[in-house]
Every structure is written in C-alpha cells, then in structure tokens.
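Participant: For reference, the structure I am asking about is given below.
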Amino acid sequence: MVNNLTLRHAETEADITACFTVMQQLRPKLKSADELSQHLSIQQRQGYRLLGLWRQERPVALAGYRQLDNLIHGRFIYVDDLVTASDERGHGHGERLIEALCDIGRDQQCDRLVLDTALSNSLAQRFYFRAGLLALGLHFTMNLS
Numbered sequence: 275m276v277n278n279l280t281l282r283h284a285e286t287e288a289d290i291t292a293c294f295t296v297m298q299q300l301r302p303k304l305k306s307a308d309e310l311s312q313h314l315s316i317q318q319r320q321g322y323r324l325l326g327l328w329r330q331e332r333p334v335a336l337a338g339y340r341q342l343d344n345l346i347h348g349r350f351i352y353v354d355d356l357v358t359a360s361d362e363r364g365h366g367h368g369e370r371l372i373e374a375l376c377d378i379g380r381d382q383q384c385d386r387l388v389l390d391t392a393l394s395n396s397l398a399q400r401f402y403f404r405a406g407l408l409a410l411g412l413h414f415t416m417n418l419s
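Following the working numbering, the numbering of the sequence shown begins with 275 at its first residue and continues without gaps.
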C-alpha cells in the first residue's frame with residue numbers, strides 16, 4: 275500500500291460496479307454498471323482481468339488485460355483498457371499499473387506487453403513513450419456490420 279492506495283483485481287460484482295465511473299471515462303459508450311458487468315463477463319471467459327489501484331473501496335485507476343499467444347509477439351500481456359480517473363491524473367497511477375502489468379507478464383513468462391491506442395490520442399501516446407513503450411506498427415480495422 276502506497277499513499278493509501280492498494281493494487282488489486284476487481285473480482286466481485288461490487289468491485290465491477292465500483293469501476294464503472296472510471297471505466298466510462300475511457301469507454302463513454304458504456305451506459306451503466308450493468309452493461310460493464312455484461313461485457314466483462316464475456317471478456318473474462320476470454321482471460322480478461324481488471325486490475326485496479328484502489329483508495330479504500332474506490333478505484334482511481336484501472337487496467338484491463340489478458341495473457342495471449344500469437345506468432346507476432348509470442349506470449350504477451352495485451353492491455354485492453356488503461357485509464358486513470360480524471361481527478362487523479364498526474365500522480366503516477368498509470369505508471370504504477372504498467373509496472374504491475376509488466377510484473378504479471380514476467381510471472382507468466384510473457385515476452386512483452388502490447389497495447390493499442392487511437393492515432394488521434396496524442397496525450398496517451400506521450401504517456402506511453404514516457405512509460406517506456408514504443409510504437410512498432412499500426413493497427414488496422416474494418417467494420418463488419
């Protein structure tokens with residue numbers, strides 16, 4: 275525990291509900307804690323875990339991730355979501371979560387940590403560079419619906 279902050283996974287329904295307001299800042303399409311819970315229920319079956327930096331029962335920063343394997347990266351930690359509450363930014367919470375994810379990855383014999391961000395998200399990109407991440411490619415998508 276540092277500065278009354280605890281690093282722990284959101285594992286109960288109450289934890290997920292508590293994460294909603296922070297996660298909605300990153301994913302504004304989420305309309306309710308129930309919707310978040312429904313999505314995470316599906317993602318958890320795919321290995322997704324939600325790590326939080328908590329002040330008592332309130333999360334101040336979140337990192338959703340999973341361990342994956344592919345031919346590009348080998349075994350790796352993929353970060354789906356990384357967000358700090360707007361009133362908590364600038365205190366090193368994001369760096370602390372990335373460090374924790376790196377430790378988790380090393381414990382799982384992962385070769386690297388990977389995340390995607392929008393090309394337009396220059397503030398996040400600046401943060402990622404400062405945290406030691408490098409932009410090694412572009413992520414292409416196509417809508418199927």
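By construction, the Cβ of each residue, glycine as well, lies at the ideal position given by its N, Cα and C atoms.
Since the structure is predicted, the reported quantities are computational estimates derived from the model, not experimental observations.
(1) Here's the rule: buried if 16 or more other CB atoms are within 10 angstroms of the residue's CB, otherwise exposed. What is histidine 413?
(2) For methionine 297, does the count of other Cβ atoms within 10 angstroms reach 16, so buried, or fall short, so exposed?
(3) In terms of DSSP beta bridges, what is arginine 349 paired with?
(4) For methionine 383 and glutamine 341, I'd like the C-alpha separation in whole angstroms.
(5) Between glycine 326 and the rest of its own chain, which residues show a CB-CB distance below 6 Å, the 5 nearest in sequence each way excluded?
(6) Apart from the five residues on each side of it in sequence, which residues of its chain come closer than 7 Å, Cβ to Cβ, to leucine 371?
(7) Could you work out which residue in Asp343, Glu362, Asp289 is closest to aspartate 308 when comparing CA atoms only?
(8) For glutamate 369, collect the residues of the same chain with a Cβ closer than 6 Å to its Cβ; drop the 5 residues on either side in sequence, then sort them by chain order.
(9) Along the chain, where does the alpha helix (DSSP H) that runs through leucine 300 open and close?
(10) Alpha carbons only, please: which of Gln299, Ile378, Gly366, His313 is nearest the one belonging to tyrosine 402?
Facilitator: By the coordinates alone:
(1) exposed
(2) buried
(3) Asp343
(4) Note on identity: in this sequence residue 383 is glutamine, with methionine being the wrong assignment. Taking the straight line from one Cα to the other gives about 10 Å.
(5) Ala284, Pro333, Leu336
(6) Leu325, Leu327, Ala335, Ala337, Leu356
(7) Asp289
(8) Ala405
(9) 287-300
(10) Gly366
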